[in-house]
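I have placed the structure first, in the form of structure tokens, so that the comments after it can refer back to it.
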Amino acid sequence: MTNDPLSLRDLGWSNYFLSQLDLDELESQTPARVSEVMRDRVTALTEAGPLSLVFPGDASAGDYAVGDWVLAEGSRVVRRLDRKTEMTRRASGPEARAQLIAANIDTLFVTTSCNDDFNLPRLERALALAYEAGVEPVILLTKADLADPDPYVEQARSAARDIEVIALNAKSDAAAAQLTHHCGPGKTVALIGMSGTGKSTLTNALCGIDTATGAIREDDARGRHTTTARALHRCLAGGWLIDTPGMREMGVFDAAMGIDAVFSEITELAETCRFRDCAHEGEPGCAVQAAIAAGDLDPARLTRWRKLKAEDRQASASVAEGRARDKRLSRHYNRTQAAGRRSKTSDDV
Ligand SMILES: Nc1nc2c(ncn2[C@@H]2O[C@H](COP(=O)(O)OP(=O)(O)O)[C@@H](O)[C@H]2O)c(=O)[nH]1
Ligand SMILES: [Mg+2]
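Here it is as structure tokens:
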């Protein structure tokens, strides 16, 4: 199956992307899906195989992410198409920066295990990131073979309304089959979760790769099957799995909408409070406190909502500060450059 030539649909192409092209572009340019981003070029997959493409002059590596669709002409990128979904994270370290992680993911598998690794606030945070990005999250409860998964499934289901929860043994042959409906042709998935929760094991199961050794079990030794790049793996079921170093645990920032989506029952209640700016701390006519009093809302869930909102506000502020600092620096740099050019010109005269 994997040695068949890939159609655009196989690569994840859809009307969403097609509709962004005008007639000229349709005739003269090649849609390509980015599988790897390097300093000055990307590797991208096309119906005719992988291409190495240089950026246009005004673009840099930070403008592209694995999963992006670009239009190519010859060996260069002409332009990037609008993303259906976009995952960013706050780069770690003192330099607060937004960092693009991956583009056009359809489903984000959030991994946790049926043991002490299970952590509801962490799950809620990952779901907020997914919703903010426009990606559908699915909770995968690994190590279901080592404990009774039912209590974990029940807790995981409480993380967000209508969330799909799948308990599995990532090491079993059945694991891939349990996830096939998300990994079929044209679909793109990614895994996020704490270390030790089975991400590599699942990548192995879904793609037939031994991530420990980097060896690929499929029959690509003949060199015909070149679609397995470092960060974009072909799933055995026909879809794609994005696996970049950035897709580990991520902090929230600029995720207010995503947080509201995870805690939609609280958000909806809050809309019916008497005061628009109700803090749900004992004001008269507070629908949130009324729901707690009636036993319809767990007060711990309200506390976690508050904490996540606070975390998001703080991180968003520091990223905004970082952006402002970057802008100041780049203005300074441009001025210095311009001054350099002026003095050079006068030297030349
Ligand atoms: N019994 C069992 N072991 C698992 C399962 N998932 C992962 N493991 C084991 O847990 C350890 C960590 O898994 P790994 O895939 O490396 O986690 P990662 O850090 O998220 O990539 C490895 O020893 C796996 O074999 C599972 O569902 N059941
Ligand atoms: Mg791993």
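So for the sequence shown, our numbering puts the first residue at 3; every next one is plus one.
Note that CB positions come from ideal geometry on N, CA and C, so glycine has one too.
Small disclaimer: the values here were computed from a predicted structure and weren't measured.
Between the alpha carbons of LYS311 and TYR133 lies a gap of roughly 15 angstroms. Within the same chain, GLU267, ILE268, LEU271, VAL290, ALA293 come within 8 angstroms of LEU299 by CB-CB distance, once the 5 residues on both sides are set aside. Note that the C-beta distance between PHE111 and VAL137 is not below 8 angstroms. Judged by their CB atoms, ARG99 and GLY324 are nearer to each other than the 8 angstroms cut-off. With the rule of 3 Cβ pairs closer than 8 angstroms, the region 48-61 does not count as touching the region 114-131. A distance below 6 angstroms between beta-carbons, with the five flanking residues on each side excluded, links CYS280 to the following residues of its chain, in chain order: CYS288. Counting only residues of its own chain and dropping the five nearest sequence neighbours on each side, LYS329 has no CB closer than 8 angstroms to any other CB. The beta carbons of ALA135 and MET89 sit closer together than 8 angstroms. If only uninterrupted beta strand (DSSP E) runs of at least 3 residues are considered, those enclosed by the region 147-173 are 166-169.
With a beta-carbon spacing of about 6 angstroms, ARG236 and CYS209 fall inside the 8 angstroms limit used to define contacts. Relative to ASP175, the option among THR205, TRP15, ARG127 whose CA is nearest is THR205. Membership of SER30 in the alpha helix (DSSP H) is indicated by the continuous run 25-30. Put simply, of ALA319, PHE265, PRO286 the residue whose alpha carbon is nearest the alpha carbon of ARG308 is PHE265. Sorted by chain position, residues whose beta-carbon lies closer than 6 angstroms to a non-hydrogen atom of ligand 2 are LYS201, SER202. Classified as buried, PRO151 has 16 or more neighbouring CB atoms from the shown chains inside 10 Å of its CB. Between GLY76 and ARG35, the alpha-carbon positions lie close to 15 angstroms from each other. In the assembly as shown, SER37 is a buried residue. Its beta-carbon has 16 or more other beta-carbons within 10 Å. Within the same chain, SER54, LEU55, VAL56, PHE57 come within 8 angstroms of ARG43 by CB-CB distance, once the 5 residues on both sides are set aside.
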